[in-house]
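If you count by our numbering, then the sequence shown holds residues 217 to 297, one letter each, in order.
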Amino acid sequence: MWTSFVKKHRVVDGPIAGSSAYAVEEVGACCATGDGDIMMRFLPCYQVVESMRLGMDPKLATKDAIARLAKKFPDFLGAVV
C-alpha cells in the first residue's frame with residue numbers, strides 16, 4: 217500500500233527528532249521538508265537549532281545546515297524554515 221509517496225512498512229523522517237522538526241524552549245524552532253533519507257542522515261533542524269543555541273543568527277544557521285546538505289547532495293530539493 218502506498219500513501220503520500222511512502223511505501224508500506226517504510227519509516228519516514230517525520231517522527232525522527234531533528235530531521236523534519238526540532239525545537240528548544242528559549243532558543244527557537246525549525247521545520248523542514250525534503251528527501252526523508254537525506255533529512256534523517258543530516259538532521260538539518262537539529263543543526264539549525266543547535267547553531268542558534270550557540271549564538272548563530274537564525275538565517276545563517278539555516279544557510280549553514282543547507283550548505284552541509286548541498287555539499288554532499290548538490291541536487292537536493294527541500295526547504296528549511
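Cβ coordinates follow ideal geometry from the N, Cα and C atoms, glycine included.
Every value quoted in this text rests on a predicted model; they were computed, and no experiment measured them.
Query raised in the report: What residue range is occupied by the uninterrupted beta strand (DSSP E) comprising Gly294?
Result: Per DSSP, the continuous beta strand (DSSP E) segment holding Gly294 begins and ends at 294-296.
Query raised in the report: With 16 as the cutoff for other CB atoms within 10 Å, does Ala239 come out buried or exposed?
Result: By the 10 Å Cβ count, Ala239 comes out exposed.
Query raised in the report: Going straight from the alpha carbon of Phe258 to that of Val265, what length do you get?
Result: C-alpha separation (whole angstroms): 13 angstroms.
Report task. Compute the distance between the beta-carbons of Val297 and Ile282, then report whether it is under 7 angstroms. Result -> No, these two residues do not count as a Cβ contact at 7 angstroms.
Query raised in the report: What is the residue span of the beta strand (DSSP E) that Gly252 lies within?
Result: According to the DSSP assignment, Gly252 belongs to no beta strand (DSSP E) but to the alpha helix (DSSP H) extending over 252-258.
Requested in this report: May I have the straight-line CA-CA distance separating Tyr262 from Ser236, to the nearest angstrom?
Outcome: Rounded to whole angstroms, Tyr262 to Ser236 spans 9 angstroms at the Cα level.
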